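Engineer: Can you read through this structure? Questions will come right after.
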């Protein structure tokens, strides 16, 4: 279980770096995502970000995709190890 926690926490570093890079390069998507999540009565058509568009900003952005993919993979493996109890 200790190994899973270490892998999970280590994966948070590249995930956070990739998220920050994505935030800087695709600010419009992240801005709409944050504004829609903080204001639930905001109109749903046109101003909200779809899940595909938000995940595309994280995982397919040329500057942040490898950071997010590696970080997400490490976090997923670490969480699986925690659940299994390794």
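Residue numbers (this note's numbering): 13 to 98.
A virtual CB, placed ideally from N, CA and C, is assigned to each residue, including glycine.
Small disclaimer: the values here were computed from a predicted structure and weren't measured.
(1) According to DSSP, is residue 22 part of a helix, a strand, or is it coil?
(2) Which residues mark the beginning and the end of the alpha helix (DSSP H) in which residue 46 is found?
(3) Could you tell me the distance, in whole angstroms, from the CA atom of residue 31 to the CA atom of residue 53?
(4) Looking only at its chain, what residues have a beta carbon closer than 6 Å to the beta carbon of residue 34, apart from the 5 residues adjacent to it on each side?
(5) Are the beta-carbon atoms belonging to residue 26 and residue 90 less than 8 Å from one another?
(6) Report the residue from 41, 81 and 46 whose alpha carbon sits nearest the alpha carbon of residue 64.
Structural biologist: Reading it off the structure:
(1) helix
(2) 39-50
(3) 26 Å
(4) 69, 70, 73 and 76
(5) no
(6) 41
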